[in-house]
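Per the UniProt record's numbering, the sequence shown starts with residue 1, numbered consecutively.
Notes follow once the structure below has been shown.
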Amino acid sequence: MEEASMSIALHADVEELLKRDDLTVDDIADLPEDLRYELIDGRLVLSPLALPIHQFIAHRITVAAEEHCPEDVLVNGEQAVLLDRRNELHPDVVLIREEGAGKSPVKPGDVPLVVEVVSESSKKYDRDGKLKKYAYVGIRNYWIVDPLAERVTLTQFALGPGGDYQQLLETDELVTVDRPWRITLDLPAWTRRRDRIRAVARPDN
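The following block contains the structure:
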């Protein structure tokens, strides 16, 4: 009974937070770790559970990044990144230097790359709002991997001299990039897997 009461109280607290647009990271510090959320310009934004293909692609990116990963860098999934007091984002894949990995959320200066895997709920903001925010705090590399396109596509951005992201490539082919180190992504294999799932997956009941 006590656990049920706590759950109801927690739900009520989240409902109240969702009504506000003046939140800071201090206001959300006690949210449960399994709650999928981001803090965007003072607003708490809840995210639906990702589809299996979304999780599969994020995992494959993680595996690819780890192949030649320097020993002093961690490759994490859905790690909280603190942009400022009113913005805490949770990219699908985050590279973190060990010296900044002692607590969460991590700081942008310790993050050489963030990757967002596009979903229906995030596709507009990944290409606009997050692009600007990650550039503003100086994260040097940003990738968008889009499984909603006709073929799974990688768009690679890097910070230019003026502090804005410059697009380095957009491809749906097997590709090897050299920033932040050598990473090979088999985008055609991911497209085939996505299409096979679409062909055999049972419709919702």
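Virtual Cβ for every residue (Gly too), placed ideally from N, Cα, C.
These numbers come from a predicted model, not from an experiment.
| task | Please go through the same chain and pick out, in chain order, the residues whose beta-carbon is closer than 6 Å to the beta-carbon of residue 83, but skip the five residues on each side of it. | result | As a first step, residue 83 must be located in the sequence shown, where it is residue number 83. If we look at residue 83 and ignore the five residues flanking it on each side, its Cβ neighbours are 133 and 137.
| query | With burial defined as no fewer than 16 other Cβ atoms inside 10 Å of the residue's Cβ, what is the status of residue 32: buried or exposed? | reply | Numbered from its first residue, the sequence shown carries residue 32 at position 32. Taking every protein chain shown into account, the CB of residue 32 has fewer than 16 other CB atoms within 10 angstroms, so this residue is exposed.
| said: I need the DSSP call for residue 151, collapsed to helix, strand or coil. | reply: Counted from its first residue, the sequence shown places residue 151 at position 151. Residue 151: coil per DSSP, three-state reduction.
| request: Out of 109, 28 and 123, point me to the one whose CA is closest to residue 98's CA. | output: For the purposes of this step, residue 98 is taken as the residue at position 98 of the sequence shown. Measuring from the Cα of residue 98, the nearest candidate turns out to be 109.
| Within 10 angstroms of its Cβ, does residue 118 collect 16 or more other Cβ (buried), or is it exposed? | Position 118 of the sequence shown, counted from the first residue, corresponds to residue 118. The residue is buried, with at least 16 neighbouring Cβ atoms inside 10 Å.
| query | Helix, strand or coil: how does DSSP classify residue 100 here? | reply | Taking the sequence shown and counting its residues from 1, the one referred to as residue 100 is at position 100. Residue 100 carries a helical assignment under DSSP once its states are collapsed to helix, strand and coil.
| query | Touching or not, the region 18-26 and the region 160-174, by the rule of three or more beta carbon pairs under 8 Å? | reply | When C-beta atoms of the region 18-26 are compared with those of the region 160-174, fewer than three pairs fall below 8 Å, so the two segments do not count as touching.
| Of the listed residues 22, 78 and 21, nearest to residue 36 (C-alpha basis) | If you number the sequence shown from 1, residue 36 lands on position 36. Taking only the C-alpha atoms, the option nearest residue 36 is 78.
| task | List the endpoints of the continuous beta strand (DSSP E) containing residue 77. | result | Position 77 of the sequence shown, counting from 1, holds the residue named residue 77. Its beta strand (DSSP E) spans residues 73-77.
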